[in-house]
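Residue 3 is where the sequence shown starts when you use my numbering, and the numbers rise one by one after that.
Virtual Cβ for every residue (Gly too), placed ideally from N, Cα, C.
Inspection log for the structure reproduced underneath, given as structure tokens.
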Amino acid sequence: YEAGGDDLYEIQSQVAESIAEALRLQFQPDRPTATATVRPTDNAAAYEAYLRGRLHASRLVNLDDAREAVRHMEVAVGLDDRFAAAFAILATSRLFLAHVFAESDQFEASDRALQRAMELAPDAPETWLAEAYHFSYADQNYDAALARLDQVLAGGPSDAEAFGLKGFVERRKGLWNEAAVTMTRALALDPNSYTTTVVLAEMYMRMRQYDNAELLLDRAIAISPGGELAYVQKALLHLNALGDTAGARII
């Protein structure tokens, strides 16, 4: 069966309802399920581009994925200039290009996308999450980032990306043990998060928990075999933990 563009909403709703019902039965059997029905856009082509961009946005620590996320989100907002969720991810994707990959010309474009998301949907969790990324990476205002993340998690306590970013911020504040717990919780919610897996592995390397780091890096490579960062970190692991120069070269 091949779904057309207009069927994407129906499929997403069915999947969301199934997941929500399974979680409700496991954790809150006496509480009725509440499933969001608001569509982020009425343009099916824009929504398809958004979904493709979201896949790449889940691996923003890879340069190619960050660029692909930007490309797809630009298509989405070009088709619907009121697509707030797409502007939010576009802002974060450009921020990663600027901050992580030193493409400094992306800062201004990231700010514009974030401002547009805030104009369109100032109280949306997607906008708050984009603001938290901005506070974390652009401003290094970690208290403001945590405040925004607490807002996101108050309304969506199973938001794996928010937990992953919260763990990153806690690490930046020097709260290493708390960060490990928070990131582990993020991975329990989304075991296929390449970014959180690699970030937690790198943190374990710094904590000299090399076995845990290697397990996570192997998982990251399995999640995204083309992602370069996990290979770089594993090479560093061989150098730091084993003094294995030959093994690092092979990786």
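Going by DSSP, what residue range makes up the alpha helix (DSSP H) through residue i?
| i | result |
| --- | --- |
| Thr-43 | Per DSSP, Thr-43 belongs to no alpha helix (DSSP H) and is neither H nor E. |
| Met-205 | 196-208 |
| Asn-143 | Taken as a continuous stretch (DSSP letters only), Asn-143 belongs to no alpha helix (DSSP H), as it is neither H nor E. |
| Asp-220 | 212-225 |
| Ala-134 | 127-135 |
| Leu-191 | 178-191 |
| Lys-175 | Per DSSP, Lys-175 belongs to no alpha helix (DSSP H) and is neither H nor E. |
| Ala-237 | 230-239 |
Quick check: what's the CA-CA separation for residue i versus residue j?
| i | j | result |
| --- | --- | --- |
| Tyr-52 | His-74 | 6 Å |
| Ala-224 | His-101 | 26 Å |
| Ser-106 | Ser-112 | 10 Å |
| Leu-218 | Ala-126 | 32 Å |
| Gln-235 | Ala-222 | 10 Å |
| Ala-90 | Leu-57 | 14 Å |
| Ala-203 | Ala-88 | 29 Å |
| Ser-15 | Ala-78 | The predicted model places Ser-15 with a pLDDT of 49, which falls under 50 and marks its position as unreliable, so this point remains unresolved. |
| Pro-42 | Leu-131 | 16 Å |
| Phe-170 | Asp-44 | 34 Å |
| Leu-155 | Leu-148 | 10 Å |
| Leu-25 | Leu-231 | Confidence in Leu-25 is poor, its pLDDT being 44 and thus under 50, which makes the residue's placement unreliable; the coordinate value appears in the next sentence. Distance between the alpha carbons of Leu-25 and Leu-231 is about 33 Å. |
| Glu-110 | Ala-181 | 30 Å |
| Thr-199 | Ala-190 | 11 Å |
| Arg-187 | Lys-175 | 18 Å |
| Leu-62 | Ser-138 | 15 Å |
| Val-241 | Ser-195 | Residue 241 is actually Leu in this sequence, not Val. In a straight line, the C-alpha of Leu-241 is about 25 Å away from that of Ser-195. |
| Pro-34 | Tyr-135 | With a pLDDT of only 40 at Pro-34, under the threshold of 50, the placement of this residue in the model should not be trusted, and no figure is reported. |
| Phe-143 | Arg-208 | Here residue 143 is Asn; the residue named in the question, Phe, does not match the sequence. Distance between the alpha carbons of Asn-143 and Arg-208 is about 23 Å. |
| Ala-38 | Ala-164 | Confidence in Ala-38 is poor, its pLDDT being 45 and thus under 50, which makes the residue's placement too unreliable to answer from. |
| Arg-150 | Ala-140 | 15 Å |
| Arg-173 | Val-183 | 11 Å |
| Ala-59 | Ser-95 | 7 Å |
| Glu-70 | Tyr-212 | 32 Å |
| Met-120 | Gly-55 | 20 Å |
Figure out for me which residue from the options has the closest Cα to the Cα of residue i.
| i | options | result |
| --- | --- | --- |
| Asn-64 | Leu-81, Ala-46 and Phe-103 | Phe-103 |
| Leu-97 | Phe-170, Ala-123, Ala-68 and Glu-121 | Ala-68 |
| Lys-168 | Phe-109, Met-185, Gly-176 and Ala-87 | Met-185 |
| Ala-93 | Asp-82, Ala-78 and Arg-114 | Arg-114 |
| Ala-162 | Glu-128, Thr-43, Lys-175 and Gly-80 | Glu-128 |
| Asp-220 | Tyr-233, Ser-138, Ala-47 and Tyr-206 | Tyr-233 |
| Tyr-206 | Asp-44, Phe-85 and Asn-179 | Asn-179 |
| Ala-86 | Asp-44, Leu-122 and Ala-243 | Leu-122 |
| Leu-81 | Ala-47, Val-201 and Ala-71 | Ala-47 |
| Asn-214 | Ala-243, Arg-174, Glu-50 and Asn-194 | Ala-243 |
| Arg-118 | Arg-84, Leu-151, Glu-230 and Gly-158 | Arg-84 |
| Pro-159 | Phe-109, Asp-192 and Asn-143 | Asp-192 |
| Arg-210 | Leu-238, Pro-227, Glu-172 and Arg-61 | Leu-238 |
| Leu-177 | Leu-116, Gly-229, Asp-145 and Ala-71 | Asp-145 |
| Tyr-49 | Ser-60, Glu-76 and Asp-66 | Glu-76 |
| Val-201 | Arg-54, Ala-59, Gly-166 and Asp-66 | Gly-166 |
| Leu-99 | Val-72, Pro-124 and Leu-116 | Val-72 |
Alpha helix (DSSP H) runs contained entirely in the stretch 54-111, provided each spans 4 or more residues: 65-81 and 86-101
Restricting to runs no shorter than 3 residues, where is the beta strand (DSSP E) found entirely within the stretch 147-176?
none
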